[in-house]
Each structure stands twice: as structure tokens, then as C-alpha cells.
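**Student:** Residue numbers (our numbering): 362 to 637. So that we are looking at the same thing, I have put the structure below in C-alpha cells.
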Ligand SMILES: [Zn+2]
């Protein structure tokens, strides 16, 4: 065997070992998935391991409107394995200005099924469970228990408090967003971890009813910005990247384009999480 042959053999063996290692690491992802998610996989904070976590994750999204649309679309595009989405409304013409998961021919269809169709077209890998009902009671508890992370994209206080209560009970991380007029806000609650406050530490359940977009108006991209940040925070939690917004409330004034951060503390007398 010549020196050149020996060198070639060593090279082949070396690449054989590398190739075996790569195939054992990536055995759950096919070539199309490696390509589809390549821009995330190349990030050191994500890598193959993080992408596998995303593909194995189950996210519950409550609300398929202005926040739920971009949040669900980015999570599906990023490769979240399972998305469960609840909403009891149908698509109306006045929704289309901001609820980007729905298209003009979808007017009159159930929002969850319109969203499901959009997500499947975006990424057929994703398993989407779409349920047309208001998520309450035992079903809410069961869905929160089954999810890795919950995104609150709802538009009323009673749903928000009920979601929060279930998340505290089962210690499921909650990514909460709200948008109205030219304003938005977002926070992350991780019950049972890092002395996290909960939604009820921030807002009292005997307060006023939430202001809605239908009575106050909302400029289109505000819901897109906040919903997209909700998706980003969920991804960060799943792959353990960076610092989540736990204990911080991020506020956006879209007119001045100023962001403010408010530090949130757990309220030891909070009726939901105070005793924990
Ligand atoms: Zn609390």
C-alpha cells in the first residue's frame, strides 16, 4: 500500500467516523428537515439539539386572533412539533387587517380551522390540533397539563385568569401578550421557578374588564410584533436560550417606538400563587 493510499484510507475512515457520529445525532431529522431548519441549527444557542427539542415540543395557544396568528405561524415555521389551538370565533372581514393567519376566502370559517390550514401549508411537519371552543374548566386544565408551554393570546380577563390559574397549578410556563391601539405588552411567567410572579400578581381579578380592539381599535403590526415576541420567548424557553422575560413586563409604545421594562415581583399575598 502506497503512502498515498494509506492517507486516503485514513481520510475515508476519519470521515466515516464523523459521518457515523453525525447520523447518530441527526437520526431523528431527515435531509429536508435539516435543510428547512438549517438557519436555526447553525445558531450555537439552538444547534441540532435545540431543533430536536423544538420538534418534540407541544405548545398550547389560546386564541387564533391578532396575537395567536403570528405566534402560531412563527412557531410552526420554526418547527414546533405539536401545536394545540383553541378559539370559538369565526373569521370576520374586520379581523383580516391584523389576524394574518386568515385570508379573504376564509371569512365565515372557524378561526381555528383557518389557522390550522395556514400552519399545515407553512410546515406539514407540524401536528396541529384545532378546537373550536372557548377553553375553560376541566378541558383547560387537561390542555395546560398536556402542554410544555402555554401562549395566552386571548382577549378577555376571565380567560386570562383561568389560564394563569391552571398554569400555576401545573407549573406550566405561560407567555402572556396583549396589544391594543398603538401599544403592546408581554411577560413570561414560570410558576415554581426563580420565584416567578404570576399574571394574578400583576393584575387583580376584580379589576375592570380588559379593553378590546373592537372598542378601542388597534394598528395592524402591533399584534404582529407582540405575537412574534411571544413565539420567540416560547422558543427560548424550549431550547433554554438567553434570558426569558420572567419577572419583567415589556411595554411598547408604538407611537414613540419606546420600549420600557417593568420589574415584576411575586406578590406573597397573591390569591393564585401566594401560598406556593
Ligand atoms: Zn401570583
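Glycine included, each C-beta is placed from N, C-alpha and C at the ideal position. None of the values given here were measured: they were computed from a predicted structure.
Along the chain, where does the beta strand (DSSP E) containing residue 490 start, and where does it finish?
**Tutor:** Translated into the one-based positions of the chain shown, residue 490 becomes position 129. It spans 488–492 - the beta strand (DSSP E) in which residue 490 sits, taken as one unbroken run.
**Student:** Let me check you understand the geometry: is the CB of residue 490 closer than 7 Å to at least one non-hydrogen atom of ligand 1?
**Tutor:** Position 129 of the chain shown, counting from 1, holds the residue named residue 490. No.
**Student:** When the distance is taken between beta carbons, is residue 489 closer than 8 Å to residue 444?
**Tutor:** Counted from its first residue, the chain shown places residue 444 at position 83. Counted from its first residue, the chain shown places residue 489 at position 128. In this structure, residue 489 lies closer than 8 Å to residue 444 by Cβ.
**Student:** If you pair each beta-carbon of the stretch 499–511 with each one of the stretch 477–486, do three or more pairs fall below 8 Å?
**Tutor:** no
**Student:** In the DSSP output, which residue or residues are listed as bridge partners for residue 539?
**Tutor:** Within the chain shown, residue 539 is the residue found at index 178, counting from 1. DSSP, once it has assigned bridges, lists 546 as partnering residue 539.
**Student:** Quick one, which of 424, 428, 415 and 400 has its alpha-carbon nearest residue 644's?
**Tutor:** Nothing can be reported for residue 644: it is not among the residues displayed for the chain, which extend from 362 to 637.
**Student:** Can you round the beta-carbon distance between residue 606 and residue 548 to whole angstroms, since I take them to be within the 8 Å contact cut?
**Tutor:** Walking along the chain shown from the start, residue 606 turns up at place 245. Walking along the chain shown from the start, residue 548 turns up at place 187. The pair is a contact, with the Cβ atoms about 5 Å apart (cut-off 8 Å).
**Student:** Is residue 500 helix, strand or coil when you go by DSSP?
**Tutor:** The residue given as residue 500 occupies position 139 in the chain shown. Three-state DSSP puts residue 500 in a helix.
**Student:** First and last residue of the alpha helix (DSSP H) that includes residue 594?
**Tutor:** Against the chain shown, residue 594 aligns to sequence position 233. First-last of the alpha helix (DSSP H) with residue 594: 581–600.
**Student:** Is residue 557 closer than 8 Å to residue 608 when the C-beta atoms are compared?
**Tutor:** By 1-based counting over the chain shown, the position of residue 608 is 247. By 1-based counting over the chain shown, the position of residue 557 is 196. In contact: residue 608 and residue 557 (Cβ atoms closer than 8 Å).
**Student:** Should residue 562 be listed as close to ligand 1, given that the test is whether its C-beta is under 7 Å from any heavy atom?
**Tutor:** Stepping through the chain shown from its first residue, residue 562 is reached at position 201. Yes - ligand 1 has a heavy atom lying nearer than 7 Å to the Cβ of residue 562.
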